[in-house]
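Residue numbers (our numbering), protein chains in the order written: chain A, 5 to 120; chain B, 13 to 128. Quick reminder that beta carbons are idealized off the backbone N, C-alpha and C, glycines included. Being a predicted model, the structure only gives us computed values, none of them experimental.
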Amino acid sequence: AQSVTQPDIHITVSEGASLELRCNYSYGATPYLFWYVQSPGQGLQLLLKYFSGDTLVQGIKGFEAEFKRSQSSFNLRKPSVHWSDAAEYFCAVGPMFSGGYNKLIFGAGTRLAVHP
Amino acid sequence: KAGVTQTPRYLIKTRGQQVTLSCSPISGHRSVSWYQQTPGQGLQFLFEYFSETQRNKGNFPGRFSGRQFSNSRSEMNVSTLELGDSALYLCASSSSRGGEVNTEAFFGQGTRLTVV
């Protein structure tokens, strides 16, 4: 079955510390991969996406993610966290066919808290 | 360019009633997808419309339905509301026909539905 696992429900880091949010997926083929961020009461904003090519992708707000096919992982990283990064982060996969990435399977999310 | 607009933002309905939610996509976008977000089940895909045709459907009962108009605006309807239908309903639009790179789904802020 297709699924996305985000093992960490809640993560707390200090401002300025590095961050890695984990994401593993189970899929029958190579999917499209995404990371979204959601602030309280808001919709989802795309941080970055992987379709093909270079396995290290850069996104907005200083985030990056690395696709590792052998580990079925797509972990999100940021070298130095800012207090404004506190939010909920969702990893998602979408199939590579017509309209596929408008039919996304989301992980349960990781809520990030940032200590000053 | 205006973003994805969902109306209303908040809604309170009584069990057994029906409700209609509206989504206006970004101008030029022809794909509209809907998601339900709850604390227990997370983000779940409901359905996707492209050029007035339902292209993908998630695993939801028939009480959940949708449609898309010729101007790409979309509505979703939930009949015979149950307490468990209380959720944040998110709409996303995309310019994609399918299979292209460098496109993404843009999310609205959602409609918060409370069933009492």
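**Asked** Does the separation of the CB atoms of Leu-37 (chain A) and Lys-82 (chain A) fall below 7 angstroms?
**Response** no
**Item:** Where Ile-13 (chain A) sits in the DSSP three-state scheme
**Value:** Secondary structure of Ile-13 (chain A) (DSSP, three-state): coil.
**Request:** Taking only beta-carbon positions, decide if Gly-122 (chain B) is within less than 7 angstroms of chain A.
**Result:** yes
**Request:** Label Val-128 (chain B) either buried or exposed according to how many other C-beta atoms from any shown protein chain fall within 10 Å of its C-beta, with 16 as the threshold for buried.
**Result:** exposed
**Item:** Cβ-Cβ separation, Leu-95 (chain B) to Arg-27 (chain B) (assumed contact under 8 angstroms), whole Å
**Value:** 6 angstroms
**Asked** Exposed or buried, which one is Ile-109 (chain A) when buried takes at least 16 other CB atoms within 10 Å?
**Response** Ile-109 (chain A) should be labelled buried.
**Message:** Across the stretch 8-22 of chain A and the stretch 63-71 of chain B, are there enough close Cβ pairs to call them in contact, namely three or more that are closer than 8 angstroms?
**Reply:** With the cut-off at 8 angstroms, the stretch 8-22 of chain A and the stretch 63-71 of chain B do not touch.
**Message:** Along the stretch 58-72 of chain B, where does the CB come closer than 7 angstroms to a CB of chain A? Name the residues.
**Reply:** Glu-60, Phe-62, Arg-67, Asn-68
**Asked** Taking C-beta to C-beta, are Ser-84 (chain B) and Pro-37 (chain B) nearer than 7 angstroms?
**Response** yes
**Request:** Count the other C-beta atoms from every protein chain shown that fall within 10 angstroms of the C-beta of Phe-67 (chain A), then say buried if there are 16 or more, exposed otherwise.
**Result:** buried
**Asked** Which of helix, strand or coil does DSSP assign to Ser-106 (chain B)?
**Response** Reduced to three states, the DSSP call for Ser-106 (chain B) is strand.
**Request:** Specify, as a first and last residue, the run of the beta strand (DSSP E) that Glu-70 (chain A) falls within.
**Result:** 68-72
**CB-CB length for Tyr-93 (chain A) against Val-41 (chain A), believed under 8 angstroms** = 5 angstroms
**Prompt:** For Gly-47 (chain A), which residues in chain B fall below 7 angstroms Cβ to Cβ?
**Reply:** Leu-102, Phe-119, Gly-120, Gln-121, Gly-122
**Item:** Nearest-angstrom Cα separation, counted from Phe-59 (chain B) out to Arg-115 (chain A)
**Value:** 26 angstroms
**Request:** Decide if Pro-73 (chain B) is buried, meaning its Cβ has at least 16 other Cβ atoms within 10 Å, or exposed.
**Result:** exposed
**Item:** Lys-107 (chain A): contacting residues in chain B (beta-carbon distance under 7 angstroms)
**Value:** Ser-45, Phe-57, Glu-60, Asn-68, listed in chain order.
**Request:** Can you pull the chain A residues whose beta carbon is under 8 angstroms from the beta carbon of Gly-40 (chain B), in chain order?
**Result:** Simply none; closest approach about 15 angstroms.
**Asked** Hey, would you say Ser-77 (chain A) sits closer than 7 angstroms to Asn-28 (chain A), going by beta carbons?
**Response** yes
**Request:** Mark Phe-118 (chain B) as exposed unless 16 or more other C-beta atoms lie within 10 angstroms of its C-beta, in which case mark it buried.
**Result:** buried
**Lys-65 (chain A) - DSSP class collapsed to helix/strand/coil** = Helix, per DSSP.
**Message:** With distance defined between alpha-carbon atoms, name the residue in B:Cys-35, B:Gln-53, B:Thr-19 nearest to Ser-98 (chain B).
**Reply:** B:Gln-53
**Request:** Would you list the one or two residues that DSSP bridges to Arg-81 (chain A)?
**Result:** A:Glu-24, A:Glu-68
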